[in-house]
């Protein structure tokens with residue numbers, strides 16, 4: 001990827017229900033337009049970091065960078081990596097990055113007790 005701005009595509013995971021392999025194979029997108037339909041497109045450079053990408057995504061999905069996990073295939077990308085270091089291809093329409101947004105539990109709901117503290121004095125402090 002050159003230092004020129006190019007399109008990077010990101011798919012928001014969890015915005016549609018999980019589908020079986022049979023359902024997916026019957027709906028395989030055959031055109032670039034069909035592939036891009038559910039993707040977020042962002043202009044980036046190869047020297048931009050994953051944190052820069054998260055900041056751009058914040059503008060679109062309104063989730064803070066701390067709540068965003070970005071995967072390239074099965075690999076979780078580190079915030080300090082550049083797009084070039086992460087081996088993200090320019091115009092990655094056929095293999096978009098995956099964005100998983102972490103949501104916080106409601107402040108009114110007590111956090112579940114972690115198993116490691118179950119039988120200790122720390123279990124009373126939650």
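Numbering (the UniProt record's numbering), first residue to last: 1 to 126.
Note that CB positions come from ideal geometry on N, CA and C, so glycine has one too.
Under the DSSP assignment, residue 53 falls in the alpha helix (DSSP H) whose first and last residues are 50–61.
In this model, residue 48 and residue 4 are separated by some 11 Å (Cα to Cα). In this structure, the alpha-carbon of residue 42 lies about 15 Å from that of residue 65.
Residue 87 has its alpha-carbon roughly 10 Å from the corresponding atom of residue 77. Note on geometry: alpha-carbon atoms of residue 71 and residue 97 lie some 6 Å from one another. Here DSSP, grouped into helix, strand and coil, assigns residue 79 to coil. Residue burial is scored here from C-beta neighbours: residue 69 has fewer than 16 other C-beta atoms within 10 angstroms and is therefore classed as exposed. In terms of Cβ geometry, residue 13 and residue 100 form a close pair [threshold 7 Å]. For the pair residue 46 and residue 84, the CB atoms are nearer than the 7 Å cut-off.
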